[in-house]
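Here's the structure we're looking at; comments come further down.
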Amino acid sequence: MRRFRLGFLAALLLLTLGAIWWLFKSPPTPSPSPEKATPQPSPTSQQPPTDILRPRKPLSPLNRPVSLLLIGVDTRKGDKGRADALMVLTIHPDRQTVKILNIPRDTRTQLLLGGGRTTIDKINHSYALGNGVVATVRTVEHFLEIPVDHFVKMDFAGFRSLIDQVGGVNVDVKRNFSYKGHRFRKGKRTLNGSQALAYVRDRTGGSDFDRHIRQQEVLSSLWEKGTRWSTLLKADDLFRIARKHLDTNLTLQQAWRILYTLRKVPSDRREVLHLSGSDRWHPYYYLIVPDSQRQQVSRRLRKHLELETRANTK
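Residue numbers are given in the UniProt record's numbering: position 197 of the sequence shown equals residue 197, and the series is strictly consecutive.
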């Protein structure tokens, strides 16, 4: 049992950390200033849209293109949480190619909340307004018009715990600054979990690009320390963190096969797709992605998953 847990957690941690690392290598998501953030919204019941999703089927070992949704949830006291990091990976094992899409959290779209309820709001609100992961998965499927074969969800508290578990992350602080009770002095530092989250969330100076660089720096160090055997051999501690903070529908075999495929994909075959749009205040900040751009990205993902080809062979 211990060996099984170790293998499963190793696969999930490598898969999650590696994929989130890719996420933060892409350009940062446009976002409003902190003082203009959107409050918790209220759901609106409407008629459900036409179901474009295929029936769920158990996924066999990775022998065909698959999709994976990575969800990072920001949970706060008295708040169910929001899916503030959404990344879709489509993986083609035969071509050894991966397409990566970071969905901006403020994207305004139709949310599928479950029980026939829908509303128009930010895509990251799907988690809080609906039935958690299921609503987020369904909303992403509807937005991109692709099936989501698998998901991995971890809350930000889990990443904080992981950072503490690996003994902190190493960073090179470029300037002196303070953020939410944490003081950062210029120079090479080792940060614990709480310090690392404050370090990457600071918006008091610089630009979103600077913040993006700090995120990349922290995740790079977490990846390096988290994949050491000395860390992975702490099976009981890792199991405790995963049980509390991580949720997935991957089996052990599926996780390892996806991880194995990802690690063999050359860097020049990893394509990062982008969704951009216009800023709008209605009355709070939203990112409006043109439908033509959404459809273009959808077609590329569908082609990579060979959905039309597979449908024609049935």
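In this text, a Cβ means the ideal position worked out from N, Cα and C, and glycines have one as well. In this text the structure is predicted, and so the values were computed from the model without any measurement.
Within the same chain, and ignoring the five residues on either side of Arg138 in sequence, the residues whose Cβ sits closer than 6 Å to its Cβ are Leu112. When C-alpha distances from Glu271 are compared across Ile91, Asp79, Val66, the shortest belongs to Ile91. Glu141: member of the alpha helix (DSSP H) spanning 133-144, first to last residue. The stretch 81-166 contains, as complete alpha helix (DSSP H) runs of 4+ residues, the segments 126-129, 133-144, 156-165 (chain order). Straight across, the Cα-Cα distance linking Ala255 with Val152 is about 10 Å. Bounds of any beta strand (DSSP E) do not take in Tyr284, whose DSSP letter is neither H nor E. Relative to the Cα of Arg189, the nearest Cα in the group Tyr179, Ser292, Ser221, Asp247 belongs to Ser221. Spanning the alpha carbons of Arg82 and Lys174 requires a straight line of approximately 30 Å. Three or more beta-carbon pairs drawn from the stretch 87-101 and the stretch 265-282 are found closer than 8 Å, and the two stretches are therefore classed as touching.
A Cβ-Cβ distance of about 18 Å is found for the pair His142 and Asn249, leaving them out of contact under the 8 Å criterion. Taking the C-beta atoms as reference points, Met87 is found nearer than 7 Å to Asn102. Bridge partners of His182 according to DSSP: Tyr179. In the three-state reduction of the DSSP assignment, Asp202 falls in the coil class.
Between the C-alpha atoms of Leu197 and Glu308 there is a straight-line separation of about 42 Å. Under the 10 Å beta carbon count, Glu224 is surrounded by fewer than 16 other beta carbons and is classified as exposed. In this structure Ser276 is exposed. Its beta-carbon is surrounded by fewer than 16 other beta-carbon atoms within 10 angstroms. In the DSSP assignment, Arg263 falls within the unbroken alpha helix (DSSP H) covering 252-263.
Residue environment: Arg214 is assigned as buried (16 or more neighbouring CB atoms within 10 Å of its CB, all protein chains considered). Residue pairing by DSSP puts Gly187 in a beta bridge opposite Val173. Leaving aside the five residues that flank Ile120 on each side, the residues in its chain whose CB is nearer than 8 Å to its CB run, in chain order, Thr44, Arg108, Thr109, Gln110, Leu111. Secondary structure at Asp247: strand, using DSSP grouped into helix, strand and coil. Its Cα nearest to that of Leu162, the residue Asp237 stands out among Ile288, Gln293, Asp237, Leu287. For Leu89 and Ile288, the gap between their C-alpha atoms comes out near 22 Å.
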